[in-house]
Each structure stands twice: as C-alpha cells, then as structure tokens.
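Asks: Numbering (the working numbering), first residue to last: 365 to 640.
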Ligand code: AMP
Ligand code: MN
Ligand code: MN
Ligand code: MN
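(1) So within the segment 385-457, which uninterrupted beta strand (DSSP E) runs reach at least 3 residues, ignoring any that extend past its ends?
(2) Check residue 582 in the structure and name its three-state DSSP category.
(3) Out of curiosity, what's the CA-to-CA distance linking residue 610 and residue 639?
(4) Could you tell me the alpha carbon to alpha carbon distance between residue 427 and residue 458, rounded to whole angstroms?
(5) For ligand 2, any of its heavy atoms closer than 7 angstroms to the Cβ of residue 402?
(6) Locate the beta strand (DSSP E) running through residue 549, then write down its first and last residues.
(7) Considering only heavy atoms of ligand 3 and the C-beta of each residue, which residues fall inside 6 angstroms, strictly closer?
(8) Answer yes or no: do residue 324 and residue 494 have a C-beta to C-beta separation smaller than 8 angstroms?
(9) Using the Cα positions of residue 394 and residue 600, report the straight-line distance between them to the nearest angstrom.
(10) Beta carbon of residue 519: closer than 7 angstroms to some heavy atom of ligand 4?
(11) When you compare the CB of residue 622 with every CB in chain D, is at least one pair closer than 8 angstroms?
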C-alpha cells in the first residue's frame, strides 16, 4: 500500500496533465492517489479513467484556498463527489476571486518593473480560470528575472514582497461545509507551512474541529521530519485522522515525487481507512 493524497495537475498549477500525473504515480508504485487541484475538480474524470486503465485507486480530491486570521490556509477534500452542486458553486466563487487577485498581482508586479506579468503568467496557466502565483513565478524565471521559482517567491511573491496582494479566500467553515456536502473528508493541508503563532495554529485546529474537520496532513512534501513529528503528536492529541501527501507539482519544482514521502507513524489512524 502506497497512498499519496495530495498533488496537482495542469488543471491548477501542476506541470503534468491529469492522465500523466496518474501514470507517473502508478510507475512510482502509488496504489491510492488523490488528485487535489487548487479550487478546481475539472481534472478528475480524466484521472479516474486513466487510474482504471493502470489499475490504481484514484480518490477524487480538491485543495480549497481559505483565509483564517489573515493567513491563507489550504483545506484538502478527499473522497468527494466532484459533481456535487454545492461544492461546484463554492469552488466557482473561489475561482472568481482568484481571477480578480491575478489582475491585482499583475498590476503590482508591473509597478515593481516586471513587464507583461499577467499575460506572462497566463501563458503558463493551462486553465484560464486558475492563475496561481506559481504561474507568475514561472514567467519570471522564463524571462530571466530570477533563477528559480523559490527565489521568485522570496523576492516577489511571498507575504510583504512587491507582488504580494492580500486576498480573502473562502471561509474555513464554508470550505469544510462544501467538502462535507459532497460526501468528502476534510484535511488541513501542510500545517507546517503557515506563518502562525502557536495560539493561532491552535485556533485553526479548534475552528476546524468545530466544523467537523476530520484529518491533518502529518507527512507532507512541504514538511521537515521535525514538522512531521510535531503534527503526528497533534493528530494524536486531537484524535484526527492522518494523511500522507507529496503535494507534487512537477519535477524540479517539488522536493518529493509522487508516492515518495516517508510512511506515517504506525500508531496513527490513516485517513485512507475511509477509502479502502
Ligand atoms: P496561490 O494559490 O496562487 O497563492 O499559489 C500558491 C502556490 O504557489 C502553491 O500551491 C505552490 O504551488 C506555489 N508556491 C508557494 N510558495 C512557494 C515557494 N516558496 N516555492 C515554490 N512554489 C511555491
Ligand atoms: Mn500549487
Ligand atoms: Mn497547498
Ligand atoms: Mn497543494
């Protein structure tokens, strides 16, 4: 069993088409894969079809952008019915906000001396409704402004940098509600990534529990081993299911390939106990 329950395709800011994500996962030995594009489920039919062909289990998923205490938090939904109207309406609303934000990021980068920033980002976005900061970053790398996307984030796109614009994403309780309406399980994605004090992180998990959230990514491509241990303790303390996830976007841009994360600590209850 090799579960990888969070990754991206060209439907959001991944480099591979949904079919190729599934093929790569299968080649890497993944047995249970969740495709979780940002704020969008349009890749799931293709992924499901190819998963049947190559003989792995595709768990339909999504990664919803949420605002909590001034920070962006990502909530993954797993095992969703990706045709559920309430979920689809919620995601469409988040994408409209994302599109407005893209325009503002483009303007902010122009003001910082980057020409044709929005048009450049759009050239990297296969899905016109889904322009991510990753697409802006790729444009700045391609035009020779910065050597790699990580450096772009540090200089231009991270909080407080010239291309950063504040944005109100979905409310936590709405995102969890959409996931539940679609029959899915809600997971706090990569908790080690948020710039929260311990008090704010505690408040996030309290609010998540209050709206019935079920799980947390303990092992993530975005976590160090120390972070994995920290969130393993948190999962035990709060009785949350645990997830394992590469958050793979593409070769060269992601530290961990599909299916190549560390295993979960054996005493934790894996979130995939809900799907197998
Ligand atoms: P957005 O949802 O448009 O704000 O973009 C967030 C995405 O940007 C993440 O899902 C990653 O794909 C990418 N990203 C964020 N921070 C970094 C970083 N430091 N280096 C590379 N990619 C990043
Ligand atoms: Mn991304
Ligand atoms: Mn994320
Ligand atoms: Mn992700």
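Backbone N, C-alpha and C define an ideal beta-carbon position, used for all residues, glycine too. Because the structure is a prediction, the values reported are computed rather than measured.
Replies: In short, the structure shows the following:
(1) 396-399, 421-432, 435-442
(2) Here residue 582 is taken as the residue at index 218 of the chain shown, counted from 1. Residue 582 falls in the strand class under three-state DSSP.
(3) As a working mapping, residue 610 is identified with position 246 in the chain shown. As a working mapping, residue 639 is identified with position 275 in the chain shown. The alpha-carbon atoms of residue 610 and residue 639 are separated by roughly 18 angstroms.
(4) Stepping through the chain shown from its first residue, residue 427 is reached at position 63. Stepping through the chain shown from its first residue, residue 458 is reached at position 94. Distance between the alpha carbons of residue 427 and residue 458 is about 11 angstroms.
(5) As a working mapping, residue 402 is identified with position 38 in the chain shown. For ligand 2, at least one heavy atom lies less than 7 angstroms from the Cβ of residue 402.
(6) As a first step, residue 549 must be located in the chain shown, where it is residue number 185. Run containing residue 549: 549-552, per the beta strand (DSSP E) assignment.
(7) 427, 438, 553, 554
(8) Only positions 365 to 640 of the chain appear in the structure, and residue 324 is not among them; the question remains open.
(9) The residue labelled residue 394 in the question sits at position 30 within the chain shown. The residue labelled residue 600 in the question sits at position 236 within the chain shown. Distance between the alpha carbons of residue 394 and residue 600: 26 angstroms.
(10) By one-based count along the chain shown, residue 519 stands at place 155. Answer for residue 519: no, Cβ out of range of ligand 4.
(11) Among the chains of the structure shown, chain D does not appear; only one protein chain is present.
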